[in-house]
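Structure, as structure tokens:
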Amino acid sequence: MENSRLVALKKELREKGFDGYLVSRDVNIFYLTGFSGASGLFVPVDGENTLYVYGVNYEQAKDEAKNCEVVLVKRDEKLEEKISKRVKASKARKLGFDELSAAFYMKLRRLLRGQARLKQKSELVWELRKVKSSHELKLMRKAAEITSKGMQVAYETIKPGLTEIEVAAEIEYAMRKKGAWGTAFETIVASGVRSAYPHGGCSEKRIRKGDIIVVDIGATYRHYKSDMTRTFIAGKPSKKQQKILEITEKAQEQAFRRVKEGVRAKTLDGAARKVIEKAGYGEYFVHGLGHGVGLEVHEPPTLNPQSKEILKAGNVVTIEPGIYIPGFGGFRVEDTVLVHKEKGERITNFDF
Ligand SMILES: [Mn+2]
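First residue of the sequence shown: 262, per our numbering; consecutive thereafter.
As structure tokens, this is what we get:
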């Protein structure tokens, strides 16, 4: 019995006139087979799926991969030749794929000349991955809960004199103790003027009294990610700091309130952007409102002014407006939000 994801993919392929699909993005292969570490997956519309694995991961693949035949790629064999033989045997004429390096695509196209055409169709897997199942949501809620715990520890830990790295260490230790498999991305603890870098990372810089500190963290739990940001002030905020923080929070809330099935991603972005623009800080909101989260921390649907996405129940997205003033500091408030039919739900949550 194939899993429902493969059944759904094959149905889509059939409807769109494809005879098969080649998967090479590791996370897509994991999504379809439950195994991470293969080099390719061939999914014919009719017949058995083939997973290609080098020796280093072969035994693990045989134990873990589902819904496919696991084929060893020996060191003296060429992956593109093995795949092209399998494709020819399947008699497929039109093949979709998620992504291939330019070099691999050229080689495969040459080997399949006169046999099969290749067409990129990465959206076929993304359409499936964007809508989370109840099992996936269980894991994402757990990842979000661990992340929220990490944020609480950030709040309790931050004080003048500590370095950004020391604060990050406490956050990551707390998340591990709560069961995190790892961090979803490199922890950001960016303080002082560094907080104005949206991707500031963390450094040896010591936190000083009055510093703005942007903490952007995420835990991974059983392959699923979470993403959350809060902005803290070391000590009592200045009037200007307090004002900009409130604008950022209000922008996040205005977008969050509008979350439900059927809303356009760009409408949400616009709701947050309007708050920031009206307050006179529009030029400092230098990124989109958010992104999808799941097996990857940045995945479709993208929420920005150009986005054509319309949200569906089961999407999980971030809402993270920010205001970054060079030389002064940055502010961002971010939650991971689950889209329901009638509303949104913050699955990360921490108020201070
Ligand atoms: Mn994010």
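C-beta atoms are modelled at their ideal positions from N, C-alpha and C, and glycine is treated no differently.
Asked, Found
"Just checking GLU276 against ligand 1 - is the residue's beta carbon closer than 7 angstroms to any of the ligand's heavy atoms?", "no"
"With respect to the beta strand (DSSP E) encompassing GLY301, which residues constitute its N-terminal and C-terminal limits?", "301 to 305"
"Can you tell me whether GLU417 sits near ligand 1, meaning its C-beta is under 7 angstroms from at least one heavy atom of the ligand?", "no"
"Taking the C-alpha atoms as reference points, what is the distance between VAL476 and GLY375?", "55 angstroms"
"Spell out a yes or no on whether the region 360 to 378 and the region 303 to 313 are touching, meaning 3 or more CB-CB pairs, one atom from each, closer than 8 angstroms.", "no"
"Looking at C-alpha atoms only, which residue of LEU400, ILE586, ASN576, GLY440 is the closest neighbour of VAL547?", "ILE586"
"Who are the near neighbours of SER456 in its chain, counting only those whose CB is closer than 7 angstroms to its CB and skipping five residues on each side?", "ILE473, ILE474, VAL475, GLY590, GLY591"
"Roughly how far, in whole angstroms, is the beta-carbon of VAL392 from the beta-carbon of ASN576, given that I think they are within contact range, below 8 angstroms?", "7 angstroms"
"Counting only runs of 3+ residues fully inside the region 370 to 406, write out the beta strand (DSSP E) ranges in chain order.", "378 to 381"
"For ARG354, name the three-state secondary structure that DSSP assigns.", "coil"
"Taking the C-alpha atoms as reference points, what is the distance between LYS604 and PHE517?", "9 angstroms"
"For MET367, count neighbouring Cβ atoms within 10 angstroms of its own Cβ and tell me buried if that reaches 16, exposed if not.", "exposed"
"Could you round the C-beta distance between LYS470 and GLY496 to whole angstroms and report it? I think they count as a contact, below 8 angstroms.", "5 angstroms"
"Can you pull the DSSP bridge partners for GLY443?", "THR481"
"Select from ASN328, GLY523, VAL558 the residue whose C-alpha is nearest the C-alpha of MET489.", "VAL558"
"Could you check where the alpha helix (DSSP H) with PHE517 kicks off and where it finishes?", "500 to 518"
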